[in-house]
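One structure below.
2 protein chains.
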Amino acid sequence: MALYVQKYGGTSVATVERINAVADRVCRFHRDGHELVVVVSAMGGETDRLEALGDDISSRPDPREMDVLLAAGEQVSIALMSLALQARSVQARSYLAHQVRILTDSSHRRSRIQDIDLQHLRRDLSAGVVPVVAGAQGVDESGNVTTLGRGGSDTTAVALAAALSAHECQIYTDVQGVFTSDPRMVPDARLLPRLTFEEMLELASLGSRVLHPRSVEFAGKYGVPLRVLSSFEEGSGTLIAGEDDSMEKPVVSGIAFVRDEAKITVQGVADVPGVAHKILGPVSDRNIEVDMIVQNVAEDGRTDFTFTVARSDYDNAIEVLKPVIKDLGAGLITGDNRIAKVSMVGVGMRSHAGVATQMFDALARESINILMISTSEIKISVVIDEKYLELAVRAIHSAFGLSKEQVSEE
Amino acid sequence: MALYVQKYGGTSVATVERINAVADRVCRFHRDGHELVVVVSAMGGETDRLEALGDDISSRPDPREMDVLLAAGEQVSIALMSLALQARSVQARSYLAHQVRILTDSSHRRSRIQDIDLQHLRRDLSAGVVPVVAGAQGVDESGNVTTLGRGGSDTTAVALAAALSAHECQIYTDVQGVFTSDPRMVPDARLLPRLTFEEMLELASLGSRVLHPRSVEFAGKYGVPLRVLSSFEEGSGTLIAGEDDSMEKPVVSGIAFVRDEAKITVQGVADVPGVAHKILGPVSDRNIEVDMIVQNVAEDGRTDFTFTVARSDYDNAIEVLKPVIKDLGAGLITGDNRIAKVSMVGVGMRSHAGVATQMFDALARESINILMISTSEIKISVVIDEKYLELAVRAIHSAFGLSKEQVSEE
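Protein chains in written order, with the working numbering: chain L, 536 to 945; chain H, 536 to 945.
Structure follows, in structure tokens:
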């Protein structure tokens, strides 16, 4: 018998039928003798519907009131899920954030969990009751409703699992787990049975939308084993946990990619301290997130400074920079808003030389030009022309033997 | 400057456009220098939608979870209304029941308000902020969400008005106020500018669906002036307040009616003590509400016992009675499920003789047979064949000079 926190996302509870299917699953776990805490998101589409109502009424909606509005979504889900469990003779009890209570700071729409009171949950668990907790919401010191922002329900689940020292935090989604790459682009992508927190974090931030980086970070910090699995199909999904020293580490775990990127180059910048800040400061001030940054080797005291942003921020970023380059006495601003980023992630890279070379070679064989390169300890990212994205991902996937067939032959 | 509690029902906040229209109205009141507390219901249709979801999942839904589910409806409305007020530069702040806090007992789906903490509301009012409170919901001692049941939002508004000693509690609906009879049936029905709590209570219980009896009773108990008015049209509506001795009381204020009634007669019942209880006890045990009760004068120690129920309970009530009459040694059960009840209400009846006679005369002139009669101090009700309902209401309405034209000629 073990304690599990199970989180079911919006698509898993989008309809009465799906809620019933989830309840069947929870019921089986419960009958197997496990202790369970269930966290649910708002029914699929509901958060968007509520947000649209708010935006319809106000062009600059007050974050406090938006949190009250959005929190109604999970409130509906916890009630329905509790009813569905009770209809299966499983004792269940819904909890809103203020009932648990999940204390957060007062930053509406992006609050952070500060403390969780476990009194009610522990009482329920020891009485065989399944607590059903509203995901993504909290309450601040003054009793205001707060929401945790993107990936909030995952964060709620991980926080509860950490606080309760759960055996595992299971994130049920509409995919079977984490794959070596997006199966829609790479048909022979393989389900990864196990990843480290670090690897998942790199994959999550790089566009593999299975888990939000925040919840992975949280799980890693507290050492909560996270499992991503499908609420529609059977299977053990992907376990994300600490590094297991007994295992041979694969050099490359997965290939992530981000479309819709753009790069901007400021040419002829003086190679003196403080230039990077002068260029990126005004960009950040406009809440434009900068991803990769590359500065070329200086020639004649002048250099080129290149960075990438989301494609939707491209025009805005160039507009912001126009007055800046005059001040800097820099030359032209050039850019390209048809680029994409491909990244290889794997803890094994640490101990294996030549991984980058192998990746560049795979791209060269397909005549794909690399526009930018950025590396970290367990990741190599390259920026390429967007039109080569699919080709690049498949080439790298194949070069590193990540496909199903290749693996089964080893 | 006065303090008003304004309650807007489901139809008044059914769409973003209507919420904006209500916000315009609240805004005008606020700019006129009044202090305001706004109570809102769930958006029209939302409560039914949520209830249907719950009923879809469970045939006997747990009342605690249904309360969590339904309370989400008002949560959405208070957030949207607050946003709409803020968009008009009116400071506003939404309150859920646990935030106010509105303490109730733990009877889910029909809880009763026990106490209201005015601390936050008073602070807001003195700072010029409009508190927007979720109608129909409360929180019990243990922090569980409760709902007040039918007419709940009106009750919340009246309770807040009583606690805050408001100048008036204004109930905004989709009708202009309380009429001498239903304008859909009596086209020349007249808007009543003023009614006593007692009159409104009789009219409310008798099928005039403008206000729920519970909120009228509550207002009467605490002497809170209630005003019913339209959120779509201008007008001062109907004021429901204590009796005003300076005014001539109209003999008859209004004609109410209830369709869909049925009557059941147990014939040949022994005229001994305890018989009424033996007949009605089993009926009440099945949660069938009994309305009028008439027992004929006994002949030879035997009598007939007649009562009315809602038409939907007719078959059920007869079924319940079958074994009972055997035990009682009574005769036949007969019944009629095509009857209707018409009632005349007015505080002036107290001091005017002959009102009943005048009503019976009006019916006789139309050859309408009276099946049952029941009277109270300010009300006379008759049961008639349902097919004569419209004719009867119009005849009485006209006989007592309630029509628009007749009044203006006086």
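Positions of the beta carbon are idealized from the N, C-alpha and C atoms, including for glycine.
Query                                                                                                                         : Result
Length of the line joining the Cα atoms of Asp650 of chain H and Leu618 of chain H                                            : 28 Å
Chain-ordered chain L contacts of Ala549 of chain H [CB-CB under 7 Å]                                                         : The premise fails here: Ala549 of chain H is roughly 12 Å from chain L at the closest Cβ pair, so nothing lies under 7 Å.
Runs of alpha helix (DSSP H) wholly within the region 766-830 of chain L (minimum 4 residues, chain order)                    : 810-820
Chain L within 8 Å of Gly687 of chain H, Cβ atoms only                                                                        : no
Members of the region 593-605 of chain L that neighbour chain H once the beta carbon cut-off is set at 9 Å                    : Ser593, Ser594, Arg595, Pro596, Asp597, Arg599, Glu600, Met601, Asp602, Val603, Leu604, Leu605
Contiguous beta strand (DSSP E) assignments of at least 3 residues, all confined to the region 606-651 of chain L             : 627-630, 637-639, 648-651
Any chain H beta carbon closer than 8 Å to Leu746 of chain L                                                                  : no
Identified DSSP bridge partners for Tyr707 of chain H                                                                         : H:Tyr543, H:Leu764
Glu944 of chain H to Gly678 of chain H span [Cα, whole Å]                                                                     : Confidence in Glu944 of chain H is poor, its pLDDT being 31 and thus under 50, which makes the residue's placement too unreliable to answer from.
Span separating the alpha-carbon of Ala556 of chain H from that of Cys562 of chain H                                          : 10 Å
Close-in-space but distant-in-sequence residues of the same chain around Glu515 of chain H (CB under 7 Å, 5 per side omitted) : Residue 515 of chain H cannot be examined here, being either before or after the span of chain H that is shown, 536 to 945.
Member of L:Ser700, L:Met616, L:Ser624 whose CA lies at the smallest distance from the CA of Asp591 of chain H                : L:Met616
From H:Met894, H:Phe714, H:Leu937, H:Val635, residue whose alpha carbon lies closest to that of Val573 of chain H             : H:Val635
Residue burial classification, Leu867 of chain H (beta-carbon count within 10 angstroms, cutoff 16)                           : exposed
For Ile823 of chain L, the nearest candidate out of L:Arg846, L:Gln802, L:Asn872 (CA to CA)                                   : L:Arg846
Chain H residues whose Cβ lies nearer than 8 Å to that of His633 of chain L                                                   : His633, Gly678
Near-chain L residues of the region 640-671 of chain H (beta-carbon distance less than 7 Å), N- to C-terminal order           : none
Cβ neighbours of Ala754 of chain L in the same chain (closer than 8 Å, five flanking residues each side left out)             : Val693, Ala696, Ala697, Cys704, Phe732, Pro760, Leu761, Ile775
Identity of the residue in L:Leu571, L:Ser646, L:Ser911 nearest Arg658 of chain L by Cα                                       : L:Leu571
Closest by C-alpha distance to Ile554 of chain L, when choosing among L:Phe767, L:Ser886, L:Leu898                            : L:Phe767
Start-to-end residues for the alpha helix (DSSP H) that takes in Phe753 of chain H                                            : 748-757
For Leu604 of chain L, three-class secondary structure by DSSP                                                                : helix
Pick from H:Gly803, H:Leu815, H:Tyr849 that is closest to Asp839 of chain H, judged by C-alpha positions                      : H:Gly803
Beta bridge counterpart(s) of Ile919 of chain L as assigned by DSSP                                                           : L:Ala875, L:Ile905
Arg729 of chain L - DSSP class collapsed to helix/strand/coil                                                                 : strand
Three or more C-beta pairs below 8 Å linking the region 667-674 of chain L and the region 600-614 of chain L                  : yes
Host beta strand (DSSP E) of Arg563 of chain H (start-end)                                                                    : Where Arg563 of chain H is concerned, there is no enclosing beta strand (DSSP E), although the alpha helix (DSSP H) it sits in stretches over 551-566.
Chain H contact for Ser489 of chain L (CB, 8 Å cutoff)                                                                        : Lying before the first or after the last residue shown, residue 489 of chain L is absent from chain L, which here runs from 536 to 945.
One or two residues paired with Ile868 of chain H in a DSSP bridge                                                            : H:Val801
Val680 of chain H - partner residues in DSSP beta bridges                                                                     : H:Val674
Proximity test, Cβ basis, 8 Å: Ile637 of chain L and chain H                                                                  : no
Close Cβ partners of Ile828 of chain H (< 6 Å) along its chain, the five nearest in sequence each way excluded                : Phe842
Where the region 567-589 of chain L meets chain H: residues whose CB sits under 8 Å from a CB there                           : Leu585, Leu588, Gly589
Nearest candidate by alpha-carbon position, reference Ala833 of chain H, set H:Tyr849, H:Val807, H:Gly544                     : H:Val807
Three-way DSSP call (helix, strand, coil) for Ser886 of chain H in this model                                                 : helix
Test: Asp591 of chain L CB closer than 8 Å to a CB of chain H                                                                 : yes
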